[in-house]
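As numbered in my numbering, residues 4 to 281 make up the sequence shown, in order.
Every residue, glycine too, gets a C-beta built ideally from N, C-alpha and C.
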Amino acid sequence: MPAYMQSPDVAKRKPVTVPGLRAMKARGEKIVVLTCYDASFAAHMEAAGVDVALVGDSLGNVVQGQTSTVPVTLDQMVYHASLVARGLSATLQVVDLPFMQFRDPATALAASARLMAEGGAAMVKLEGGSEWTCEVIAALASHEVPVCAHLGLTPQSVHKMGGYRMQGKTDDAAARLRAEARAVTDAGAELLVLESIPAALAADITRALPIPTIGIGAGADCDGQVLVCYDMLGITPGRRPKFSKDFLAGRGSIREAIAAYADDVRAGRFPGPDQIAG
Ligand code: KIV
C-alpha cells in the first residue's frame with residue numbers, strides 16, 4: 004500500500020489467509036466481507052478491519068451502470084483488482100471470474116493466472132455448482148488456485164433465471180443446493196458464497212460443510228456476511244436490496260460506516276430481523 008493511503012492510527016493487523024478463514028469458522032469467528040472496486044475504498048476497508056475484500060463483478064452494476072454483470076470483461080476485472088490490491092495489506096483479496104471466463108478448465112486457469120499475477124488476487128470466485136463447474140474448481144485447486152464458489156442466486160445466470168429471484172424455496176431446489184454445496188466443497192472450494200436463499204437452508208449448509216459460508220440475503224447463521232459496499236453505504240441509486248442496511252446513515256464517515264458493519268457482523272447483529280433473507 005502506498006504510504007499516503009496508510010492510516011497512522013491503525014494498528015498493524017495479522018494478514019488474513021485462506022487457511023485462516025477455515026480456522027475462523029472452527030473458532031466460531033464471523034468473517035467480514037465487503038465488495039471493493041478501487042484503492043481508496045480498499046484502504047478504508049483495510050483500516051476498518053474487514054477480513055476479505057471481494058472485487059465482485061457487481062462492479063458492472065454499481066460502477067459501470069450495466070443492467071447485469073454479464074458484460075463485465077476479464078480485462079476490467081484485472082484492472083479493478085490491481086487497484087484494490089494497492090489499498091490492501093492484511094485484508095484478503097478475492098476476485099470474481101467474469102461471465103464465460105470459467106467455461107472450461109483451460110480458460111479458467113488462464114483467467115485466474117491473470118487475476119492473481121496482474122490483479123493481486125489471493126482467491127478467485129466463480130458461480131454455479133454443476134458437474135462441469137466442479138471439474139473447473141478441481142482443476143484450479145490442483146494448480147494452487149484457491150477457489151470461492153457461489154451458489155443460490157448467481158447473477159451471471161440472470162437471463163436463464165428470468166430475474167434476480169430468491170433460490171432454494173422448494174424442497175427439490177433446496178436438495179439441489181445442498182448437493183451442489185457438498186460437490187463444490189469436495190471439488191476443492193475453500194469458501195462458499197450463499198446468495199438469496201432461505202435462512203434455514205443456509206444454516207443447514209453451513210453446519211454440514213467444513214469450509215466457511217459467506218451469506219448475502221441468506222440469514223444470520225452463515226460463517227460470515229458480504230454486502231455490495233455501495234448498498235452498505237446507502238449510495239446505490241434506486242432500490243436497495245431488502246437484506247441490506249445503510250450503515251452510513253447517522254454516521255460521520257465512510258470509515259465509521261465500514262467499521263460499524265464489521266462490528267455488527269462480528270457480534271452477530273447483522274443481519275438482524277429487519278434484513279429479510281432472500
Ligand atoms: O459480484 C459480487 O459483488 C458478488 C457478491 C454480491 C457476493 O458476487
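Local conformation of residue 27 per DSSP, three classes: The sequence position of residue 27 within the sequence shown is 24, counting from 1. The answer is helix: DSSP assigns residue 27 an H, G or I state.
Residue 47 (DSSP reduced to helix, strand or coil): Looking up residue 47 in the sequence shown gives position 44. Residue 47 falls in the helix class under three-state DSSP.
Buried versus exposed, by CB contacts within 10 Å (16 or more), residue 240: For this step, residue 240 is matched to residue 237 along the sequence shown. Its Cβ having fewer than 16 others within 10 Å, residue 240 is exposed.
DSSP state of residue 226 mapped onto helix, strand, coil: Within the sequence shown, the letter at position 223 stands for residue 226. DSSP places residue 226 in coil when its eight states are reduced to three.
Residues bridged to residue 119 [DSSP beta-bridge criterion]: In the sequence shown, the residue the question calls residue 119 occupies position 116. Note: residue 119 sits in no beta bridge, so no partner.
Spatially closest choice to residue 230 from 17, 62, 29, by CA coordinates: As a first step, residue 230 must be located in the sequence shown, where it is residue number 227. It is 62.
Within the segment 169-235, ranges of the beta strand (DSSP E) (whole runs, at least 3 residues): 194-198, 216-219, 227-230
Closer than 8 Å: residue 193 CB and nearest the ligand KIV heavy atom: What you label residue 193 is simply residue 190 of the sequence shown in a count that begins at 1. Every heavy atom of the ligand KIV is 8 Å or more from the Cβ of residue 193, so no.
Among 28, 226, 257, 253, the one whose alpha carbon lies nearest that of residue 273: For the purposes of this step, residue 273 is taken as the residue at position 270 of the sequence shown. Checked all of 28, 226, 257, 253; the closest Cα to residue 273 is 226.
For review: beta carbons within less than 7 Å of any heavy atom in the ligand KIV: 38, 57, 59, 60, 61, 72, 99, 128, 153, 158, 196, 198, 219, 229, 231
Buried versus exposed call for residue 233 [16 or more other C-beta atoms within 10 Å across all chains shown]: Start at 1 with the first residue of the sequence shown, and residue 233 comes out as number 230. Counting Cβ neighbours within 10 Å, residue 233 comes out buried, since at least 16 surround it.
Alpha carbon of residue 5 to alpha carbon of residue 64, nearest angstrom: Against the sequence shown, residue 5 aligns to sequence position 2. Against the sequence shown, residue 64 aligns to sequence position 61. Cα-Cα distance, rounded: 28 Å.
Range covered by the alpha helix (DSSP H) that runs through residue 137: Within the sequence shown, numbered from 1, the residue matching residue 137 stands at position 134. Looking at the DSSP string, the run of the alpha helix (DSSP H) that includes residue 137 is 134-145.
Residue 45 versus residue 83 - alpha carbon distance: As a working note, residue 45 is residue 42 in the sequence shown. As a working note, residue 83 is residue 80 in the sequence shown. Residue 45 and residue 83: Cα-Cα distance of roughly 11 Å.
Given 8 Å, three or more beta-carbon pairs between the segment 63-82 and the segment 98-107: yes
Rounded straight-line distance, which links the Cα of residue 222 to that of residue 147: Residue 147 sits at position 144 when you count from the first residue of the sequence shown. Residue 222 sits at position 219 when you count from the first residue of the sequence shown. Roughly 31 Å separates the two Cα atoms.
The segment 163-171 in contact with the segment 191-202 per 3-pair CB rule at 8 Å: yes
CB of residue 250 within 9 Å of CB of residue 219, strictly: Along the sequence shown, read from residue 1 onward, the residue named residue 250 stands at position 247. Along the sequence shown, read from residue 1 onward, the residue named residue 219 stands at position 216. Not in contact: residue 250 and residue 219 (Cβ atoms no closer than 9 Å).
Helix, strand or coil at residue 81 according to DSSP, with G and I counted as helix: Position 78 of the sequence shown holds residue 81. Helix, per DSSP.
Beta-carbon proximity check, residue 51 vs residue 269, cutoff 9 Å: To locate residue 51, count along the sequence shown from 1; it is residue 48. To locate residue 269, count along the sequence shown from 1; it is residue 266. For residue 51 and residue 269, no; Cβs fall outside 9 Å.
Boundaries of the beta strand (DSSP E) in which residue 126 is found, first to last residue: Indexing the sequence shown from 1 puts residue 126 at position 123. It spans 126-130 - the beta strand (DSSP E) in which residue 126 sits, taken as one unbroken run.
Enclosing alpha helix (DSSP H) for residue 166 [first to last residue]: As a first step, residue 166 must be located in the sequence shown, where it is residue number 163. Per DSSP, residue 166 belongs to no alpha helix (DSSP H) and is neither H nor E.
Whole-number beta carbon distance between residue 30 and residue 215, since they are thought to touch under 8 Å: Locating residue 215 in the sequence shown gives position 212, where the first residue counts as 1. Locating residue 30 in the sequence shown gives position 27, where the first residue counts as 1. Contact flag wrong, Cβ pair sits at about 11 Å.
Per-residue burial, residue 10 [other beta carbons within 10 Å of its own, 16 or more giving buried]: The sequence position of residue 10 within the sequence shown is 7, counting from 1. It counts as exposed.
CB-CB length for residue 331 against residue 150, believed under 8 Å: Since the first residue of the chain shown is 4 and the last is 281, residue 331 is not available in this structure.
Residue 228 to residue 8 span [Cα, whole Å]: Stepping through the sequence shown from its first residue, residue 228 is reached at position 225. Stepping through the sequence shown from its first residue, residue 8 is reached at position 5. If you take the alpha carbons of residue 228 and residue 8, they lie about 26 Å apart.
Residue environment, residue 134, which counts as buried when at least 16 other CB atoms sit within 10 Å: Working through the sequence shown from its first residue, we reach residue 134 at position 131. Label assigned to residue 134: exposed.
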